[in-house]
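Trainee:
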Amino acid sequence: MALIEVKDLSAGYENGYVLENISFSLKDGEFLSILGRNGSGKSTLIKALQGLLKNASGQITVDGEDIFSLKARQLAKKIAYVPQIFSFSFEFSVMETILMGRYIHQGRLESISSSDSRMVEEVMSLTQIDHLKDKKIAHLSGGERQRVFIARALAQDTPFLFLDEPSSHLDISYQVEIYQILKRLQEEKGKTILSTEHNINLVIPYSQRLMFLKEGKIRALGEPEKLVTKENIKEVFDADVEIRENIHSKLPEISLIPKEGEKS
Ligand code: ATP
Ligand code: MG
């Protein structure tokens with residue numbers, strides 16, 4: 110069973126808390142998407158849930174165990190994390206980067222088992238990066254790099270998958286594809302997925318629940334059909350929208366309305 114329970118979590122950085130009194134649970138096998146404006150605390154929450162922030166109070170348990178008492182290696186067996194990536198230089202090749210995701214499963218660093226190789230092949234094919242395997246990370250495009258880091262997290266083969274804006278840098282075709290891959294992993298391998306995203310329309314069909322964060326607090330948490338309303342979007346994002354029904358999924362979809370004075 111994969112379950113994370115969060116009770117009264119307040120967390121932040123040296124200059125104080127960013128998140129205040131966060132309580133919720135991430136249910137076994139669900140796909141939960143966190144949405145909110147820039148600076149609302151999405152990345153901070155994803156980091157805090159892994160016990161990565163020193164300035165934190167409250168309770169977080171993973172399958173009943175206190176997150177703060179888990180060693181890095183134990184945590185790496187439970188949660189794979191794709192951080193919000195910006196451009197940086199990274200000397201490793203694509204293949205080496207993905208293999209890093211396998212380290213927690215290896216007895217010794219230098220030994221690569223046949224199951225490691227199989228997993229690496231599988232995730233490279235899934236994320237369509239086979240052709241890039243010998244390239245250096247520093248020489249990839251933003252979207253190619255994003256797919257490599259997603260592949261590395263998949264290679265880690267954990268029950269929980271945390272992704273911070275997995276669709277950023279991706280073209281519209283790969284955006285949909287990444288979410289389809291995640292959905293397949295959820296359905297076929299029972300993974301529990303927590304992800305942040307700016308593109309609300311993109312995540313609605315894939316998420317069982319959405320979390321709207323505003324100024325470090327949970328403003329709403331629930332099924333997309335209940336949460337995606339004109340009023341909620343105005344309150345959380347300060348954006349004027351119309352809600353319509355997506356012709357394929359029959360789920361709500363937002364349509365932006367230009368702000369006053371910006372009408373053409
Ligand atoms: P975005 O959509 O832009 O990624 P976000 O919702 O992920 O935004 P966070 O990165 O969680 O936002 O940031 C929340 C707040 O915490 C912001 O006010 C930010 O300035 C602050 N913050 C983030 N990282 C640090 C840090 N390392 N030290 C101090 N403050 C930080
Ligand atoms: Mg962020």
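One gets our numbering by counting positions in the sequence shown from 1 and adding 109 to each. Beta carbons are placed, not taken as given, at the ideal position from N, Cα and C, and that holds for glycine.
What ranges does the alpha helix (DSSP H) occupy inside the stretch 150-200, keeping only unbroken runs of at least 4 residues that lie completely in it?
Mentor: 151-157, 181-187, all fully within the stretch 150-200.
Trainee: I need the DSSP call for Ala-348, collapsed to helix, strand or coil.
Mentor: Coil, per DSSP.
Trainee: Tell me whether the beta-carbon of Val-171 lies closer than 8 Å to the beta-carbon of Ile-207.
Mentor: No, Cβ-Cβ distance for Val-171 and Ile-207 is not below 8 Å.
Trainee: Count the other CB atoms within 10 Å of the CB of Gly-125; is the residue buried (16 or more) or exposed (fewer)?
Mentor: Classification of Gly-125: exposed, given that the 10 Å Cβ count is below 16.
Trainee: Note down the Cα distance separating Ser-250 from Gln-295, rounded to an integer number of angstroms.
Mentor: Distance between the alpha carbons of Ser-250 and Gln-295: 28 Å.
Trainee: Assign Arg-353 to buried or exposed, taking buried as 16 or more other Cβ atoms, counted over all protein chains shown, within 10 Å of its Cβ.
Mentor: By the 10 Å Cβ count, Arg-353 comes out exposed.
Trainee: In three-state terms, what does DSSP make of Leu-294?
Mentor: In this structure, Leu-294 counts as helix in the three-state DSSP scheme.
Trainee: What did DSSP end up calling Pro-361 once you bin it into helix, strand or coil?
Mentor: Strand.
Trainee: Consult DSSP for Thr-236 and reduce its assignment to one of helix, strand or coil.
Mentor: Three-state DSSP puts Thr-236 in coil, outside helix and strand.
Trainee: How would you write the range of the beta strand (DSSP E) that Leu-208 sits in, first residue to last?
Mentor: Per DSSP, Leu-208 belongs to no beta strand (DSSP E); it is in the alpha helix (DSSP H), 203-209.
Trainee: Can you tell which of Pro-314, Leu-112, Ala-157, Glu-139 has the C-alpha that lies nearest to the C-alpha of Glu-129?
Mentor: The shortest C-alpha separation from Glu-129 is found at Ala-157.
Trainee: What is the rounded straight-line gap between the Cα of Glu-253 and the Cα of Leu-303?
Mentor: For Glu-253 and Leu-303, the distance between alpha carbons rounds to 22 Å.
Trainee: Roughly how many angstroms separate the alpha carbons of Arg-146 and Ile-281, rounded to a whole number?
Mentor: Rounded to the nearest angstrom, the two C-alpha atoms are 21 Å apart.
Trainee: For the putative contact between Ala-264 and Arg-318, defined by C-beta atoms under 8 Å, what is the C-beta separation to the nearest angstrom?
Mentor: Actually they are not in contact, since the Cβ atoms of Ala-264 and Arg-318 sit about 27 Å apart, beyond 8 Å.
Trainee: When you measure from the CB of Ser-152 to every non-hydrogen atom of the ligand MG, does any distance come out below 7 Å?
Mentor: Result yes, Cβ under 7 Å from the ligand MG.
Trainee: Provide the residue span of the beta strand (DSSP E) that contains Ile-131, from first to last.
Mentor: Unbroken beta strand (DSSP E) run through Ile-131: 125-135.
Trainee: Between the stretch 266-277 and the stretch 240-249, are three or more C-beta pairs nearer than 8 Å?
Mentor: With a cut-off of 8 Å, the stretch 240-249 and the stretch 266-277 do not count as touching, because too few Cβ pairs lie within range.
Trainee: Specify the secondary structure class of Ile-309 as computed by DSSP and reduced to three states.
Mentor: Helix at Ile-309.
Trainee: Give me, in chain order, the residues of the same chain whose beta-carbon lies closer than 8 Å to that of Glu-332; leave out the 5 immediate sequence neighbours on both sides.
Mentor: The answer, listed in chain order, is Gln-317, Arg-318, Leu-319.
Trainee: Could you check the C-alpha separation between Ser-178 and Ile-143 for me, to the nearest Å?
Mentor: Rounded to whole angstroms, Ser-178 to Ile-143 spans 26 Å at the Cα level.
Trainee: Candidates Lys-180, Gly-121, Val-203, Glu-174: which alpha carbon is nearest Ile-155's?
Mentor: The option with the nearest alpha carbon to Ile-155 is Gly-121.
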